[in-house]
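First up is the structure itself, then whatever we jot down about it.
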Amino acid sequence: MIQVDIPAAVRTVFGKGESRRLRMDKKTPAVVYSRGAEALALQFDEATLYKDLLFVHGRNAVITLDVEGDSAGKRHVLVQEIQKDPVQEEILHVDFLEIDVDSTRKFNVDLRLTGVAKGVDLGGELNVSKQSLVLQGRPLDIPDEIVADITALERGGKGISCKDLAIPENVEMLDNPEAVCAVVI
Numbered sequence: 001m002i003q004v005d006i007p008a009a010v011r012t013v014f015g016k017g018e019s020r021r022l023r024m025d026k027k028t029p030a031v032v033y034s035r036g037a038e039a040l041a042l043q044f045d046e047a048t049l050y051k052d053l054l055f056v057h058g059r060n061a062v063i064t065l066d067v068e069g070d071s072a073g074k075r076h077v078l079v080q081e082i083q084k085d086p087v088q089e090e091i092l093h094v095d096f097l098e099i100d101v102d103s104t105r106k107f108n109v110d111l112r113l114t115g116v117a118k119g120v121d122l123g124g125e126l127n128v129s130k131q132s133l134v135l136q137g138r139p140l141d142i143p144d145e146i147v148a149d150i151t152a153l154e155r156g157g158k159g160i161s162c163k164d165l166a167i168p169e170n171v172e173m174l175d176n177p178e179a180v181c182a183v184v185i
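What follows is the structure, given as structure tokens:
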């Protein structure tokens with residue numbers, strides 16, 4: 001899984017007007033929600049936050065927030081929601097969810113197929129039935145994507161099933177192991 005460090009500061013001003021002033025000062029307001037604890041209001045440098053969130057967009061990523069002015073110091077979070085201005089493409093607000101990196105969670109992980117199947121070269125058609133897999137494990141053990149080589153697939157063969165994919169040892173696949181991911185017909 002991707003790891004990104006982002007510096008932040010505790011936010012002491014609240015409300016619509018104060019949030020607008022923050023944005024005019026090139027700061028982005030955000031909130032970190034933690035199970036059973038009080039939500040923590042933060043502010044980020046607009047350019048740094050935009051660059052880092054653009055890097056992790058659409059991928060599983062653990063973000064380490066280095067919070068200035070917080071007694072906990074560093075917090076491990078996942079992006080929960082990003083509010084953007086639809087016209088100017090600016091980030092208005094971000095919600096983060098604090099996680100424990102030692103406990104297991106479920107994640108959807110993309111499946112990337114590489115190569116050209118032999119059966120496709122001989123006139124067959126590649127039928128892809130799974131684009132992603134559901135994996136469970138500690139967040140830092142989850143891979144960014146699962147890569148499968150399909151060059152050996154022949155026309156009319158059994159295809160690649162979930163049990164044929166290389167999954168890290170300390171990660172559990174929650175999908176049916178017999179489910180076919182790709183086949184040449």
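If you read the sequence shown in full-length UniProt numbering, its first letter stands for residue 1, the second for the next number, and so on.
Beta carbons are placed, not taken as given, at the ideal position from N, Cα and C, and that holds for glycine.
Nearest candidate by alpha-carbon position, reference residue i, set the options
| i | options | result |
| --- | --- | --- |
| leucine 42 | Asp121, Pro7, Asp164 and Phe107 | Pro7 |
| valine 79 | Val67, Glu89, Val56 and Val87 | Val56 |
| aspartate 164 | Thr114, Met24, Asn170 and Val180 | Val180 |
| valine 10 | Thr64, Val94 and Leu40 | Leu40 |
| alanine 37 | Tyr50, Ala72, Lys26 and Thr12 | Ala72 |
| leucine 54 | Ile82, Gly123 and Asp110 | Ile82 |
| leucine 111 | Arg35, Val67, Tyr50 and Cys162 | Cys162 |
| glutamate 89 | Asp95, Glu46 and Val67 | Glu46 |
| serine 132 | Met173, Gly157, Pro139 and Gly156 | Met173 |
| proline 139 | Arg23, Lys158, Glu18 and Asp102 | Asp102 |
Local Cβ density within 10 Å of residue i, reported as buried at 16 or more and exposed below that
| i | result |
| --- | --- |
| phenylalanine 44 | buried |
| methionine 1 | buried |
| phenylalanine 14 | exposed |
| lysine 106 | exposed |
| proline 29 | buried |
| arginine 20 | exposed |
| valine 116 | exposed |
| arginine 75 | buried |
| lysine 27 | buried |
Contact check, residue i vs residue j, beta carbons under 7 Å
| i | j | result |
| --- | --- | --- |
| isoleucine 167 | alanine 148 | no |
| glutamate 98 | valine 32 | yes |
| aspartate 141 | asparagine 108 | no |
| threonine 104 | glycine 69 | no |
| valine 87 | valine 184 | no |
| leucine 113 | isoleucine 146 | no |
| phenylalanine 96 | valine 77 | yes |
CB-CB length for residue i against residue j, believed under 8 Å
| i | j | result |
| --- | --- | --- |
| alanine 61 | valine 128 | That belief does not hold up - the Cβ atoms of alanine 61 and valine 128 are roughly 25 Å apart, past 8 Å. |
| aspartate 175 | valine 134 | 6 Å |
| leucine 92 | lysine 118 | Incorrect: roughly 50 Å between the Cβ atoms, too far for contact. |
| glutamine 3 | threonine 64 | 7 Å |
| arginine 59 | aspartate 5 | Arginine 59 to aspartate 5, Cβ: 16 Å. No contact. |
Next item on the list: Would you mind listing the alpha helix (DSSP H) stretches within the UniProt domain "Large ribosomal subunit protein bL25 L25" (8-96) that are 4+ residues and don't spill past its ends, in chain order?
Entry: The UniProt domain "Large ribosomal subunit protein bL25 L25" (8-96) contains these whole alpha helix (DSSP H) runs: 16-24 and 46-56.
Next item on the list: Run through the region 95-182 for me and flag every whole beta strand (DSSP E) of 3 or more residues, listed as ranges in chain order.
Entry: Qualifying beta strand (DSSP E) stretches, in chain order: 105-114, 126-128, 132-137 and 145-149.
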